[in-house]
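Asker:
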Amino acid sequence: DQQVKQNSPSLSVQEGRISILNCDYTNSMFDYFLWYKKYPAEGPTFLISISSIKDKNEDGRFTVFLNKSAKHLSLHIVPSQPGDSAVYFCAADRSTSGTYKYIFGTGTRLKVLA
Amino acid sequence: DVKVTQSSRYLVKRTGEKVFLECVQDMDHENMFWYRQDPGLGLRLIYFSYDVKMKEKGDIPEGYSVSREKKERFSLILESASTNQTSMYLCASSFHGTGGTGETQYFGPGTRLLVL
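Those protein sequences? They're chains A and B, same order as listed.
If you count by the working numbering, then the first sequence holds residues 22 to 135, one letter each, in order.
If you count by the working numbering, then the second sequence holds residues 34 to 149, one letter each, in order.
1. For isoleucine 93(B), which residues from the same chain have a beta carbon less than 6 Å from its beta carbon, with the 5 sequence-adjacent residues on both sides left out?
2. Between the C-alpha atoms of lysine 40(A) and isoleucine 98(A), what's the straight-line distance to the nearest angstrom?
3. Less than 7 Å between the beta carbons of valine 37(B) and glutamine 58(B), yes or no?
4. Check whether the region 45-61 of chain B touches the region 113-131 of chain B, counting contact only when three or more Cβ pairs, one atom from each stretch, lie closer than 8 Å.
5. To which residues of the same chain is methionine 87(B) closer than 8 Å at the C-beta, ignoring the five residues directly before and after it?
6. Could you check if leucine 54(B) is buried or exposed, using at least 16 other CB atoms within 10 Å of its CB as the buried criterion?
7. Can you tell me whether asparagine 28(A) is helix, strand or coil according to DSSP?
8. For chain B, check one thing: does any of its Cβ atoms lie closer than 7 Å to the Cβ of glutamate 63(A)?
9. Please list the partners that proline 142(B) has in chain A, where partner means a Cβ-to-Cβ separation under 8 Å.
10. Any C-beta of chain A within less than 7 Å: which residues of the region 58-76 of chain B qualify?
11. So what does DSSP say about aspartate 45(A), is it helix, strand or coil?
12. When you compare each of Glu36(A), Ser101(A), Leu68(A) to valine 85(A) by their alpha carbons, which one comes out closest?
13. Check glutamine 118(B) in the structure and name its three-state DSSP category.
14. In this structure, how does DSSP classify glycine 96(B) when only helix, strand and coil are distinguished?
15. When the Cα of alanine 62(A) is compared with those of Pro142(B), Leu146(B), Gly91(B), which residue comes out closest?
16. Can you name the residues of chain B whose CB is closer than 9 Å to the CB of threonine 67(A)?
17. Quick one: Cα of glycine 78(A) to Cα of alanine 113(A), how far?
18. Identify every run of the beta strand (DSSP E) within the region 45-82 of chain B, keeping only runs that are complete inside it and at least 3 residues long; order them along the chain.
19. Residues of chain B with CB under 8 Å from lysine 92(A), in chain order?
20. Going by CA-CA distance only, name the one from Gln70(B), Ser40(B), Arg42(B), Glu105(B) that's closest to asparagine 64(B).
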């Protein structure tokens with residue numbers, strides 16, 4: 022039972038354009054969401070997060086949008102750069118669980134073409 | 034700067050061998066996690082620990098065990114390695130969060146294990 026889904030396994034975008042990565046979740050109890058970026062042969066690194074009390078969080082070129090009614094979040098990267106080419110994982114947490122666990126999606130491989 | 038290190042980057046083992054993967058963090062984090070990453074399946078939690086000598090099963094604990102004797106060190110043990118345990122293994126650590134939400138997890142570089 023995949024509670025966090027990234028339905029696009031891969032995405033190619035031209036340098037300078039917008040990259041939009043999507044993530045859907047099924048558990049309405051999730052209230053904290055994160056995006057991680059992973060390069061080959063490295064561990065994932067934290068990129069950006071959002072609490073369910075917000076619908077948008079921005080950090081430089083990266084913006085995460087949360088639509089609670091649709092149980093959907095998206096990561097926008099503007100403008101996209103070749104160094105953004107990586108696998109992106111979304112993750113969700115349930116603050117009342119007390120277990121400090123994240124549920125990760127399956128990842129989307131982003132390729133930014135120069 | 035948070036540092037999570039894993040004992041090996043690459044390992045090749047034979048079916049039936051006992052395998053130890055070690056993870057060390059230097060940030061005094063309470064929580065430590067072991068994941069495996071497989072194509073199309075994302076990151077799946079094997080075990081986690083929220084304190085010394087405490088452990089809890091994640092989503093796929095079968096065939097694995099863990100040990101946390103010291104706060105900074107979390108070991109993953111494959112009691113009898115099998116070919117379906119060939120994977121990338123990732124360790125992570127974090128502080129306890131407030132209100133039950135975990136703080137950001139920091140990952141090690143991963144260990145790519147091949148079981149022949």
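Virtual Cβ for every residue (Gly too), placed ideally from N, Cα, C.
Answerer: From the atom records:
1. So the list reads Arg77, Ile79, once near-sequence residues are dropped.
2. A quick correction: the sequence has serine, not lysine, at residue 40(A). Going from the Cα of serine 40(A) to the Cα of isoleucine 98(A) covers about 5 Å.
3. yes
4. yes
5. Arg101
6. Buried: at least 16 other Cβ atoms inside 10 Å.
7. Reduced to three states, the DSSP call for asparagine 28(A) is coil.
8. Yes, its Cβ sits closer than 7 Å to a Cβ of chain B.
9. Ala62, Glu63, Gly64
10. Residues of the region 58-76 of chain B with a Cβ closer than 7 Å to any Cβ of chain A, in chain order: Asn64, Gly73, Leu74, Gly75, Leu76.
11. strand
12. Leu68(A)
13. helix
14. The answer is coil: DSSP assigns glycine 96(B) none of H, G, I, E or B.
15. Pro142(B)
16. One detail in the question is off: residue 67(A) reads as phenylalanine in this sequence, not threonine. Going along chain B in sequence order, the residues near phenylalanine 67(A) (Cβ under 9 Å) are Thr137, Gln138, Tyr139, Phe140.
17. Residue identity differs from the one stated: residue 78(A) is asparagine in this sequence, not glycine. As the crow flies, the alpha-carbon of asparagine 78(A) is around 15 Å from that of alanine 113(A).
18. Correct list: 52-58, 64-71.
19. Within chain B, no residue comes near lysine 92(A); the closest Cβ sits about 18 Å away, beyond 8 Å.
20. Glu105(B) is the residue among Gln70(B), Ser40(B), Arg42(B), Glu105(B) whose C-alpha sits nearest the C-alpha of asparagine 64(B).
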